[in-house]
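Under the numbering used here, read the sequence shown as residues 5 to 164, first letter to last.
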Amino acid sequence: MQVKSRHHLRADEIDDLEATIAAGTGVDLPGDTYEMVDLGDESFGVVLVDGNPDVVRFGDGEAFLTVRGANRHEPTRGIVTVDAGAISFVSDGADVMRPGIVEADAEIGAGDLVTIAEETHGKTLAIGRALVDGPEMVGNSGKVVESIHHVGDDLFQFAV
């Protein structure tokens, strides 16, 4: 990933970003500086919060915590928890299947961005998009979360 441009966010952009992240994850970002990094060859950009790549912003303006950001700030909303058997698959970028889910936030709606965490330590493994509502996620079969970003991918490895 190559950096195309970088610029500091305006106060109104920061307010919107903080409100979006708080609504989706329950996290109040504690940043003093917010810098947008546009990546020329990607469909998303990265927002550096105090120099850390904590937020991903997609081409349509939608924003969410990165895996690193979620592990740094510990979300309280929009969490899908997977069992130990699913960890290696989710960490490699696989979509999340019902049998691997032990719990899902009941407030999740189909189409929402979600944090995928492992049950033992609560560490975030991936970010995905819910394909069904939270109460429908636990079950015996079927794909319920599409993986968007995971541990070890290019976004996870991104550093400036």
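Every residue, glycine too, gets a C-beta built ideally from N, C-alpha and C.
Residue nearest to residue i in terms of C-alpha spacing, selected from the options
{"i": "H11", "options": "V51, G63, A67, D64", "result": "V51"}
{"i": "A121", "options": "A88, D137, G146", "result": "A88"}
{"i": "A27", "options": "V149, K127, G126, D116", "result": "D116"}
{"i": "G143", "options": "I105, D64, R81", "result": "I105"}
{"i": "V32", "options": "R81, M40, R61, E22", "result": "The amino acid at residue 32 is misidentified as Val; the sequence shows Asp. Here the closest residue by C-alpha is E22."}
{"i": "S151", "options": "R81, F93, E140", "result": "F93"}
{"i": "V71", "options": "A90, S47, G97", "result": "G97"}
{"i": "G146", "options": "V118, F162, M101", "result": "M101"}
{"i": "V86", "options": "A67, D16, V149, L43", "result": "V149"}
{"i": "S95", "options": "K8, T128, D137, Y38", "result": "T128"}
Proximity of residue i and residue j at Cβ, strictly below 9 Å
{"i": "D58", "j": "H77", "result": "yes"}
{"i": "P79", "j": "G30", "result": "yes"}
{"i": "E1", "j": "D158", "result": "No answer is possible for residue 1: it lies beyond the span of the chain, which begins at 5 and ends at 164."}
CB-CB length for residue i against residue j, believed under 8 Å
{"i": "I112", "j": "L69", "result": "Between L69 and I112 the Cβ distance is about 15 Å, and since that is not below 8 Å, they are no contact."}
{"i": "I3", "j": "D109", "result": "Residue 3 falls outside the range modelled here, since the chain spans only 5 to 164, and no answer is possible."}
{"i": "D44", "j": "Q6", "result": "Just to set this straight, residue 44 is Gly in the shown sequence, not Asp. So it is a contact: roughly 6 Å between Cβ atoms."}
### Task
Mind listing, in chain order, the continuous beta strand (DSSP E) runs of no fewer than 3 residues lying wholly within the region 29 to 111?
DSSP runs (the beta strand (DSSP E)) wholly in the region 29 to 111: 38 to 43, 48 to 53, 56 to 62, 67 to 69, 83 to 86, 105 to 108.
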